[in-house]
Amino acid sequence: MPAPARSTVATSTRRRTSRTSEAQRAKLENYYRQMLLIRRFEERAQRSYLQAYIGGYCHLNLGEEAAIVGLLDALDPQDYLFTNYREHGYAIAKGIEPERVMAELYGRTDGVSKGWGGSMHMFDVEHRLLGGYGIVGGQLPIATGTALALQYQDRSEVVMCTMGDGTTAIGAFHESLNLAALWELPIVYVIINNGLGMGTDVAHASAEPELYKRAAAYRMLSARVDGADPEATASAALQAVEAARGGKPYLLEVMTERLRGHSVVDPARYRSADETARLKGADPVALFAARLLERGVLDQAALDSMDAEATTRIDAVAQFAEASPEPDVSTLFDHTYATPVPNDSRRLPGRPLFAPAPFPGRPS
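Structure, rendered in structure tokens:
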């Protein structure tokens with residue numbers, strides 16, 4: 018009698034394992050598909066910037082693709098995301114159509130912020146991406162306040178707030194972590210540590226280069242994870258999100274590489290030849306493709322097909338952005354405030370704040 022029972026259990030286990038394996042295979046394929054889409058998008062953004070389709074500043078996520086995909090996989094659709102100015106990939110991974118992201122880079126009306134935000138200032142309430150902040154650390158107090166609002170309203174969402182490594186040296190970082198820990202806010206602070214604050218490496222900018230350890234000053238949970246591995250990043254991020262949802266704010270440090278300069282126009286001359294050569298072997302997209310091949314999740318033909326699909330999609334994305342109309346200057350102030358504000362100024366650049374009073378004897 019015991020033997021059939023053991024056989025039944027073993028069969029059931031094998032079936033569960035097979036189903037789990039299939040689900041995991043689909044998840045890994047989706048990770049790679051998203052990473053490729055972000056990579057091809059950012060490469061096209063770089064090209065478009067050099068062709069003068071994009072103005073202002075433009076900071077790319079090249080080298081950060083695995084970290085983005087892993088982090089966003091841990092969030093529910095209703096959770097909130099705040100980022101800094103290196104945000105294109107995050108917007109795409111949060112579910113915003115690449116066409117709208119590229120149109121925003123082009124400054125067109127179909128963009129995420131109607132063409133007035135550009136690369137650094139994307140905002141989409143529907144997808145709960147609340148910026149895009151050009152000022153270093155500008156997102157931290159606002160993200161912390163959002164977490165306080167969620168707690169005050171007894172809601173279940175969490176906030177994820179990403180930042181660069183250089184942000185950990187400013188006052189708003191410490192003030193935000195302190196308040197989050199004191200008030201037990203539902204927020205995950207994420208340090209994207211690519212080793213460089215613009216052109217200065219972390220070891221020369223921080224007395225404690227293991228940045229996640231700064232959470233200890235506020236008795237906050239923290240961890241460091243390999244941002245070149247989307248699976249490891251997703252696992253660490255899920256642990257952080259679950260802790261935050263339970264009222265324990267979290268600091269997660271994600272180690273990544275920045276494959277290009279600080280912005281599109283930065284030639285990164287501060288890097289040595291050895292460092293540049295090392296980065297060629299640190300490409301997270303190539304590393305993850307090799308892992309999928311080794312594990313038998315995808316073969317080379319599938320990888321090539323997915324790459325061609327991403328390239329074709331991004332070609333269409335760029336065509337959409339180029340065809341989108343430019344905003345009329347009269348709409349410049351339409352979205353300055355969420356609701357009407359008395360006496361808000363709609364003065365265009367170069368115009369006086371008040372009309373000058375006429376001199377005596379001069380016609381008005």
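In this note's numbering, the protein residues as written are 18 to 381. We put the CB at the ideal spot given by N, CA and C, even for glycine.
Problem - CB-CB length for ASP361 against TYR354, believed under 8 Å - result: Residue numbering aside, residue 361 sits at position 344 when the sequence shown is read from its first letter. Residue numbering aside, residue 354 sits at position 337 when the sequence shown is read from its first letter. Right, the Cβ-Cβ distance comes to about 6 Å (below 8 Å), so this counts as a contact.
Handout entry: Rounded separation between THR28 and LEU309 - CA only
Key = Position 11 of the sequence shown, counting from 1, holds the residue named residue 28. Position 292 of the sequence shown, counting from 1, holds the residue named residue 309. Low confidence applies to THR28: its pLDDT is 35, below 50, so where it sits in the model is not reliable enough to give any reading.
Exercise for the section: Determine contact between the region 319–339 and the region 51–59, defined as no fewer than three beta-carbon pairs at a distance below 8 Å. Expected result: Short answer: they touch.
Exercise for the section: Would you mind listing the alpha helix (DSSP H) stretches within the region 185–237 that are 4+ residues and don't spill past its ends, in chain order? Expected result: Runs of the alpha helix (DSSP H) lying entirely within the region 185–237 and spanning at least 4 residues, in chain order: 188–200.
Handout entry: Candidates TRP133, GLU259 and ILE204: closest to ILE71 by CA position
Key = Your numbering for residue 71 matches position 54 in the sequence shown. When only C-alpha atoms are compared, the closest one is TRP133.
Handout entry: CA-to-CA distance, ASP246 to LEU213, given in whole angstroms
Key = Within the sequence shown, numbered from 1, the residue matching residue 213 stands at position 196. Within the sequence shown, numbered from 1, the residue matching residue 246 stands at position 229. The alpha-carbon atoms of LEU213 and ASP246 are separated by roughly 20 Å.
Exercise for the section: Name the two residues that bound the continuous alpha helix (DSSP H) containing MET323. Expected result: Looking up residue 323 in the sequence shown gives position 306. Here the alpha helix (DSSP H) through MET323 covers 317–340.
Problem - Pair within 8 Å by beta-carbon distance, ASP182 and LEU122 - result: Reading the sequence shown from its first residue, position 165 is the one you call residue 182. Reading the sequence shown from its first residue, position 105 is the one you call residue 122. No, the Cβ-Cβ distance between ASP182 and LEU122 is not below 8 Å.
Exercise for the section: Using beta-carbon positions only, say whether LYS111 and LEU157 come within less than 8 Å of one another. Expected result: As a first step, residue 111 is located in the sequence shown; it is residue number 94 there, counting from the start. As a first step, residue 157 is located in the sequence shown; it is residue number 140 there, counting from the start. When the beta-carbon positions are compared, LYS111 and LEU157 stay at least 8 Å from each other.
Handout entry: ALA84 versus ALA40, TRP200, ASN211 and THR185, residue with shortest Cα-Cα distance
Key = Locating residue 84 in the sequence shown gives position 67, counting from the first residue. Here the closest residue by C-alpha is ASN211.
Exercise for the section: For ALA333, count neighbouring C-beta atoms within 10 Å of its own C-beta (all shown protein chains included) and say buried if the count is 16 or more, exposed if not. Expected result: Within the sequence shown, numbered from 1, the residue matching residue 333 stands at position 316. Exposed is the call here.
Practice task
Go ahead and label PRO369 buried or exposed: buried means 16 or more other beta carbons lie within 10 angstroms of its beta carbon, across all protein chains shown.
Solution key: In the sequence shown, counting from the first residue as 1, residue 369 sits at position 352. It is exposed - the Cβ of PRO369 has fewer than 16 other Cβ atoms within 10 Å.
Exercise for the section: Over the uninterrupted beta strand (DSSP E) stretch that includes THR179, give me the two end residues. Expected result: The count along the sequence shown starts at 1 and reaches residue 179 at position 162. Start and end: 176–181.
Practice task
Could you name the residues that DSSP lists as bridge partners for SER239?
Solution key: By one-based count along the sequence shown, residue 239 stands at place 222. In the DSSP output, where bridge partners are listed per residue, SER239 has LEU268.
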